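Peer 1: Numbering (the UniProt record's numbering), first residue to last: 1 to 89.
The beta-carbon is built from N, C-alpha and C at its ideal position, and this holds for glycine as well.
All values derive from a computational prediction rather than experimental measurement.
1) Buried or exposed for residue 87, please, with buried defined as at least 16 other CB atoms from any protein chain shown within 10 angstroms of its CB.
2) Does the segment 43–63 come close enough to the segment 19–28 that 3 or more CB-CB pairs lie under 8 angstroms?
3) Looking at the structure shown, is residue 25 part of a helix, part of a strand, or coil, going by DSSP?
4) Which one of 53, 62, 29, 20 has the shortest CA to CA distance from residue 36?
5) List the endpoints of the continuous beta strand (DSSP E) containing residue 18.
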């Protein structure tokens with residue numbers, strides 16, 4: 001049981017880039033909302049705003065793509081995200 005706790009404490013972190021700024025994130029999945037909040041910290045207060053989110057250098061089977069509202073993607077070291085404000089919904 002002790003070993004299990006130690007593994008949980010040692011969460012793997014990776015550096016991702018959002019709009020040119022590096023962030024340390026858990027090596028896991030990241031949601032559209034989390035990426036937009038990294039780029040625009042006031043996003044949670046303005047959910048009516050819409051953003052386009054694209055990524056590059058993703059996992060092997062999906063190295064590039066678009067992250068849509070409600071979506072998520074597995075992160076990897078060096079993955080880059082571009083977030084642009086597209087208007088009001």
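Peer 2: If we stick to the structure as given:
1) exposed
2) no
3) strand
4) 53
5) 13–18
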